[in-house]
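Taking it in order: structure first as structure tokens, then the write-up.
Numbering (my numbering), first residue to last: 45 to 107.
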């Protein structure tokens, strides 16, 4: 798995790979404002997740 130094770097690379929609986690759903749609846990798969460690909380991670 590729490691990125920053969230911005990861987003830039993923957008270039074709991941063009932004999603927000809301309880057990993912919300996409661009599509005006909410997806429950049976409608999506997490392809990868990345951890960004710095001077702040080492438990921070983004999907």
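Heads up, the beta-carbon is just placed ideally off N, CA and C, and yes, glycines get one too. Note that the structure is predicted; figures quoted are calculated from it, not measured.
- Distances from the alpha-carbon of residue 68 to those of 91, 83, 94, 45 put 83 closest.
- Straight across, the Cα-Cα distance linking residue 72 with residue 90 is about 13 Å.
- Between residue 74 and residue 65, the C-beta gap is not smaller than 7 Å, which leaves the two residues out of contact.
- The distance from the Cβ of residue 94 to that of residue 54 is about 5 Å, consistent with a contact at the 8 Å cut-off.
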